[in-house]
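Notes follow once the structure below has been shown.
Protein chains: 2
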Amino acid sequence: MTYSEAKAQFISSWGALGSHWGINRTMAQIHALLLISPEPITQDDMMEQLSISRGNVNMNTRDLIDWGLVERVLIPGERREFFTAEKDIWKVSTQIIKERKKRELDPMLKLLSQLDNIEGDKKDKELKQFKETIGGIRKFGGQADKVLDVMIKADENWFLGSLLKFFK
Amino acid sequence: MTYSEAKAQFISSWGALGSHWGINRTMAQIHALLLISPEPITQDDMMEQLSISRGNVNMNTRDLIDWGLVERVLIPGERREFFTAEKDIWKVSTQIIKERKKRELDPMLKLLSQLDNIEGDKKDKELKQFKETIGGIRKFGGQADKVLDVMIKADENWFLGSLLKFFK
DNA sequence: TTATATTTTAAATAACTTTTGAAAATTCGA
DNA sequence: TCGAATTTTCAAAAGTTATTTAAAATATAA
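Respectively, the protein sequence lines represent chains A and B. Positions in the first sequence are counted from 1; adding 1413 to them yields this note's numbering. Positions in the second sequence are counted from 1; adding 1413 to them yields this note's numbering.
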């Protein structure tokens, strides 16, 4: 297999994987391209290599920056902007987890805590099941919250960091 | 807050959460309804409570069964089919993880192992970065694979099960 | 078997999301 | 400041996914 075949395959399947994760295909493909580019690249490079429009590149690059996965890089003597992606896959994952926790888990747990004080007959079967379900999810969510915090903080903490090196 | 307000909120936000996770809104809403229903319910109940069509209910219920989250229940003396969902949220999570691992992680790791033997000049910067990126993802994916296996097996293994009870 | 209740399927439609392309805004050197 | 290079925006077009509807298939009771 040649390099360019492998590259095309990688970009395409990273894109497909992304779409299972609520990330759009193009965004994931741009990310893939940046992951394998040793040097920062421009929006024109992305347009050309992925055959997509300028607007599309611009919007998705911006989203990747919002996710904290991509950075703008200034190259001395160059007027155009260059972009580069974090290459350490552990950091990429914790960054994604951090964002998704903030965007999804936290609001869900907040809502569930509101749903816990409802009025009604305590003997009612429906109400009982509702409270049990909500309670179960909250308990589980709370634990998940703690586990994710440990993972996120591992990068900022020497001891946990070296503990997690086993997994890296 | 009344029970019916809380119920509507829960169904709606479980649906919204699902759509962030590649599960469609309606499927997640049906799942939510089943999670809080103390007794098995029929497709007509779902149609009525969620205001959706028969076909939609049928397709999504079937998908939930494929995911292993919902079961058909036969009620003696009843001609219609009834449905019920697993209520233990730990089991729900491991079931989802198991399915997604099978559908997403496993194929990705398989592909990456193919992309590892490409021909080309070893001194080439592009090739070097490509190999590093692929290698990093494979290593990470392999570890994730192991962690997920531990979680999945915990339910089938007494020792790990009681260890994980701390988190339940 | 026949009539009826129930479930499944799939084509058509509706709703939603992504992509383009061109115009507007911005940046920066001369 | 002006003008060329570059980036950003956004309305329209294209593409995708979800939903309905109605007809077909299946199951059950009489």
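The beta-carbon is built from N, C-alpha and C at its ideal position, and this holds for glycine as well. Predicted model, so just to flag it, every value in this text is computed and none were measured.
Could you tell me whether any Cβ in chain A is nearer than 8 Å to the Cβ of residue i?
| i | result |
| --- | --- |
| residue 1424 of chain B | no |
Would you call residue i buried or exposed, if buried means 16 or more other Cβ atoms sit within 10 Å of its Cβ?
| i | result |
| --- | --- |
| residue 1520 of chain A | exposed |
| residue 1419 of chain A | buried |
| residue 1544 of chain A | buried |
| residue 1470 of chain A | buried |
| residue 1439 of chain A | buried |
| residue 1546 of chain B | buried |
| residue 1486 of chain A | exposed |
| residue 1498 of chain A | buried |
| residue 1466 of chain A | exposed |
| residue 1414 of chain A | exposed |
| residue 1421 of chain A | exposed |
| residue 1505 of chain A | buried |
| residue 1473 of chain B | buried |
| residue 1427 of chain B | buried |
| residue 1431 of chain A | buried |
| residue 1563 of chain B | exposed |
| residue 1527 of chain B | exposed |
| residue 1478 of chain B | exposed |
| residue 1453 of chain B | buried |
| residue 1443 of chain B | buried |
| residue 1488 of chain A | exposed |
| residue 1581 of chain B | Caution applies to residue 1581 of chain B, whose pLDDT of 49 falls short of 50 and renders its modelled position unreliable; the value that the coordinates give is listed next. Exposed, because fewer than 16 other Cβ atoms sit within 10 Å of the Cβ of residue 1581 of chain B. |
| residue 1417 of chain A | exposed |
| residue 1560 of chain B | exposed |
Could one say the Cβ of residue i lies closer than 8 Å to chain B's Cβ atoms, at least one of them?
| i | result |
| --- | --- |
| residue 1419 of chain A | yes |
| residue 1449 of chain A | yes |
| residue 1506 of chain A | yes |
| residue 1517 of chain A | yes |
| residue 1563 of chain A | no |
Would you mind telling me which residues of chain A sit closer than 7 Å to residue i, beta carbon to beta carbon, in chain order?
| i | result |
| --- | --- |
| residue 1546 of chain B | 1448, 1449, 1500 |
| residue 1523 of chain B | Near residue 1523 of chain B there are no residues of chain A at all, since even the closest Cβ is about 10 Å away, more than 7 Å. |
Which residues in chain B have a C-beta closer than 8 Å to the C-beta of residue i? List them in chain order.
| i | result |
| --- | --- |
| residue 1414 of chain A | 1527, 1528, 1530, 1531, 1532 |
| residue 1543 of chain A | 1416, 1419, 1420, 1423, 1449 |
| residue 1553 of chain A | 1502, 1503, 1506, 1581 |
| residue 1435 of chain A | 1432, 1433, 1434, 1435 |
| residue 1549 of chain A | 1500, 1501, 1502 |
| residue 1487 of chain A | Per Cβ cutoff of 8 Å: no residues; residue 1487 of chain A is ~21 Å from chain B at best. |
Looking at the strands, I want to know which residues DSSP matches up with residue i.
| i | result |
| --- | --- |
| residue 1485 of chain B | B/1496 |
| residue 1454 of chain A | A/1496 |
So which residues on chain B does residue i lean against when the C-beta distance must stay under 7 Å?
| i | result |
| --- | --- |
| residue 1509 of chain A | The premise fails here: residue 1509 of chain A is roughly 12 Å from chain B at the closest Cβ pair, so nothing lies under 7 Å. |
| residue 1512 of chain A | Under the 7 Å cutoff, chain B gives no residues; its nearest Cβ is about 11 Å from residue 1512 of chain A. |
Please indicate yes or no: does the CB of residue i lie closer than 7 Å to some heavy atom of the ligand MN?
| i | result |
| --- | --- |
| residue 1429 of chain B | Only the bare structure without any ligand can be found here, which leaves the ligand MN out of the picture. |
So which residues on chain A does residue i lean against when the C-beta distance must stay under 8 Å?
| i | result |
| --- | --- |
| residue 1540 of chain B | 1416 |
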